[in-house]
């Protein structure tokens with residue numbers, strides 16, 4: 002790896018970026034009673050605001066390449082930060098195609114249309130699966146509608162288009178899923194094709210922590226493995242409730258299945274859409290089984306973000322799965338994958354490329370654009386600077402894969418560490434998560450004579466605990482992060498280094514939704530604080546019109562390094 006001549010060595014190093022994930026700035030005083038950031042004891046944040054340059058930056062909508070009004074998220078946020086420019090996101094690109102030429106543009110994508118047409122011709126099932134919410138973080142119901150209209154235009158039989166809906170409850174209110182399911186059912190009636198074949202809480206079907214015990218339950222539902230004794234749906238009436246059979250439920254109605262779970266959660270403390278029991282839908286048990294995924298069928302996963310579908314898709318498509326060395330072990334059991342039985346013979350389509358490992362086994366409807374040039378990691382590496390990336394496992398991909406524009410491998414001189422996130426069902430049970438381990442890993446690097454030039458650090462707590470809806474736990478999460486930031490800040494200043502402290506999006510600053518009178522578990526569209534901490538910078542003004550794309554240009558400015566021409570973000574140092 003080349004190194005800079007001494008005359009061009011950066012100033013104010015180590016330069017440390019701390020991302021307080023999910024720590025936003027709620028502008029509404031009427032929300033103070035459920036603003037965990039405001040309610041927490043945060044002496045370090047108070048010190049930063051009183052003594053160091055401060056501004057608010059935008060993290061949502063068109064400022065990060067999303068559709069207007071769409072909340073930001075960690076993947077988009079870290080990609081924008083790492084790119085140093087606004088990055089058009091998949092949601093925007095796919096929506097343009099869905100709307101293009103009166104909806105006909107979607108039919109021109111052969112990787113999508115071909116598998117659907119072949120299933121229709123053969124009389125096989127076309128399965129459409131994905132998130133069932135309007136949050137726009139993982140997928141959009143407008144994209145599902147476009148797929149349904151495509152199926153109808155290709156002549157699909159109404160009962161051979163089968164929907165598998167993952168209820169949200171994290172990026173939406175926790176009890177909004179029934180309304181979204183009913184919206185989808187109305188769209189099915191309007192378009193005249195398709196039926197809901199299963200509903201599954203995202204906790205089971207969209208895990209990203211290698212907790213294969215959860216994914217196995219979703220897989221069993223999707224493939225019709227009822228398991229134990231045959232039973233009637235709970236409630237027994239014409240509409241039916243939902244009855245668990247071997248870990249999978251059956252209900253006569255998708256909306257009623259969700260409502261039944263609202264009325265009687267499976268486990269206390271795990272209520273709401275995120276945890277809806279995997280449930281097959283059909284007027285009878287036999288009818289429900291007709292909606293299962295079988296060999297010869299086509300499956301389209303319409304989520305545009307790949308981190309959460311990845312595990313479930315790998316269970317369907319990887320030739321070697323259960324016990325394979327290529328499958329990461331569960332942090333709970335140590336088991337790699339689960340026994341899925343023989344691999345089903347499917348045509349599997351993913352909306353975007355979910356991972357390089359599964360690329361040979363799926364068709365991708367929307368290939369990613371060419372990788373960007375001179376993103377932060379690449380540029381720093383080319384300058385001969387060394388980097389350290391650190392986050393607990395819940396957010397490790399964000400400071401590596403997403404920060405590096407969907408690159409799995411590190412750049413030369415880039416070192417990584419990812420303490421294990423705690424093994425708990427929900428993070429309100431341990432709001433400190435692995436923050437102290439992250440802090441200690443960073444402190445070890447700062448104390449080392451070979452400390453890297455640039456450190457990228459993420460604290461997951463305010464976001465991950467914020468998603469649980471527990472205000473006391475979110476307050477504790479913010480306090481732990483504040484403590485850790487203070488310790489790191491003191492160590493950096495002792496080395497004559499510099500810090501940029503900010504967030505990728507908001508969350509914990511609004512823990513209650515006064516409109517729905519329910520916990521607020523989603524991200525927000527509020528701006529986030531940004532502080533610059535470096536010797537000689539007290540009293541400096543920061544620009545007030547910033548966005549995430551401006552973070553790395555600000556760091557380069559602090560280090561007195563030129564910004565590459567591809568970075569269109571602008572330093573916040575006035």
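In this note's numbering, the protein residues as written are 2 to 575. Ideal placement from N, C-alpha and C gives every residue a C-beta, glycine not left out.
Residue closest to residue i, alpha-carbon to alpha-carbon, out of the options
{"i": "residue 528", "options": "471, 40, 71, 49", "result": "71"}
{"i": "residue 336", "options": "210, 273, 439", "result": "210"}
{"i": "residue 1", "options": "91, 437, 132", "result": "No answer is possible for residue 1: it lies beyond the span of the chain, which begins at 2 and ends at 575."}
{"i": "residue 17", "options": "143, 273, 338, 444", "result": "444"}
{"i": "residue 501", "options": "464, 559, 521", "result": "559"}
{"i": "residue 67", "options": "47, 416, 90", "result": "90"}
{"i": "residue 262", "options": "170, 225, 226, 36", "result": "170"}
{"i": "residue 340", "options": "220, 194, 151", "result": "220"}
{"i": "residue 65", "options": "106, 138, 105", "result": "138"}
{"i": "residue 512", "options": "19, 31, 20, 21", "result": "31"}
{"i": "residue 577", "options": "548, 403, 388, 218", "result": "The structure shown does not extend to residue 577, since the chain spans only 2 to 575, so no value can be given for it."}
{"i": "residue 384", "options": "397, 375, 468, 326", "result": "375"}
{"i": "residue 286", "options": "225, 132, 343", "result": "225"}
{"i": "residue 487", "options": "391, 35, 47, 38", "result": "47"}
{"i": "residue 331", "options": "251, 369, 425", "result": "425"}
{"i": "residue 369", "options": "192, 92, 42, 20", "result": "92"}
{"i": "residue 435", "options": "391, 94, 468, 410", "result": "391"}
{"i": "residue 493", "options": "440, 123, 516", "result": "440"}
{"i": "residue 42", "options": "347, 147, 474", "result": "474"}
{"i": "residue 307", "options": "343, 143, 360, 338", "result": "360"}
{"i": "residue 516", "options": "177, 328, 123, 362", "result": "177"}
{"i": "residue 281", "options": "196, 124, 88, 556", "result": "196"}
Where residue i sits in the DSSP three-state scheme
{"i": "residue 572", "result": "coil"}
{"i": "residue 101", "result": "helix"}
{"i": "residue 204", "result": "helix"}
{"i": "residue 554", "result": "helix"}
{"i": "residue 418", "result": "strand"}
{"i": "residue 213", "result": "helix"}
{"i": "residue 192", "result": "helix"}
{"i": "residue 81", "result": "helix"}
{"i": "residue 315", "result": "helix"}
{"i": "residue 364", "result": "strand"}
{"i": "residue 95", "result": "helix"}
{"i": "residue 408", "result": "coil"}
{"i": "residue 459", "result": "strand"}
C-alpha gap between residue i and residue j, whole angstroms
{"i": "residue 364", "j": "residue 315", "result": "13 angstroms"}
{"i": "residue 81", "j": "residue 33", "result": "30 angstroms"}
{"i": "residue 85", "j": "residue 345", "result": "43 angstroms"}
{"i": "residue 14", "j": "residue 408", "result": "26 angstroms"}
{"i": "residue 135", "j": "residue 470", "result": "19 angstroms"}
{"i": "residue 460", "j": "residue 154", "result": "47 angstroms"}
{"i": "residue 50", "j": "residue 458", "result": "20 angstroms"}
{"i": "residue 150", "j": "residue 377", "result": "41 angstroms"}
{"i": "residue 480", "j": "residue 406", "result": "31 angstroms"}
{"i": "residue 491", "j": "residue 74", "result": "29 angstroms"}
{"i": "residue 523", "j": "residue 45", "result": "26 angstroms"}
{"i": "residue 545", "j": "residue 164", "result": "45 angstroms"}
{"i": "residue 110", "j": "residue 145", "result": "15 angstroms"}
{"i": "residue 320", "j": "residue 296", "result": "14 angstroms"}
{"i": "residue 401", "j": "residue 428", "result": "22 angstroms"}
{"i": "residue 464", "j": "residue 22", "result": "5 angstroms"}
{"i": "residue 448", "j": "residue 497", "result": "13 angstroms"}
{"i": "residue 432", "j": "residue 322", "result": "33 angstroms"}
{"i": "residue 451", "j": "residue 334", "result": "37 angstroms"}
{"i": "residue 371", "j": "residue 19", "result": "28 angstroms"}
{"i": "residue 393", "j": "residue 180", "result": "35 angstroms"}
{"i": "residue 478", "j": "residue 269", "result": "22 angstroms"}
{"i": "residue 534", "j": "residue 381", "result": "21 angstroms"}
Contact belief for residue i with residue j at Cβ below 8 angstroms, rounded distance in angstroms
{"i": "residue 161", "j": "residue 127", "result": "6 angstroms"}
{"i": "residue 63", "j": "residue 69", "result": "5 angstroms"}
{"i": "residue 519", "j": "residue 266", "result": "Contact flag wrong, Cβ pair sits at about 14 angstroms."}
{"i": "residue 222", "j": "residue 310", "result": "So it is not a contact: roughly 15 angstroms between Cβ atoms."}
{"i": "residue 379", "j": "residue 412", "result": "6 angstroms"}
{"i": "residue 562", "j": "residue 11", "result": "5 angstroms"}
{"i": "residue 302", "j": "residue 204", "result": "The pair is not a contact, with the Cβ atoms about 17 angstroms apart (cut-off 8 angstroms)."}
{"i": "residue 540", "j": "residue 573", "result": "About 15 angstroms; that fails the 8 angstroms criterion."}
{"i": "residue 317", "j": "residue 349", "result": "6 angstroms"}
Contact between the region 246-261 and the region 194-208 (3+ Cβ pairs under 8 angstroms): yes
At least 3 beta-carbon pairs within less than 8 angstroms: the region 346-357 vs the region 419-428: no
Sufficient close CB pairs (3 or more, under 8 angstroms) joining the region 274-291 to the region 101-117: no
Contact between the region 528-541 and the region 44-61 (3+ Cβ pairs under 8 angstroms): yes
Meets three-Cβ-pair contact criterion under 8 angstroms: the region 505-513 and the region 21-36: yes
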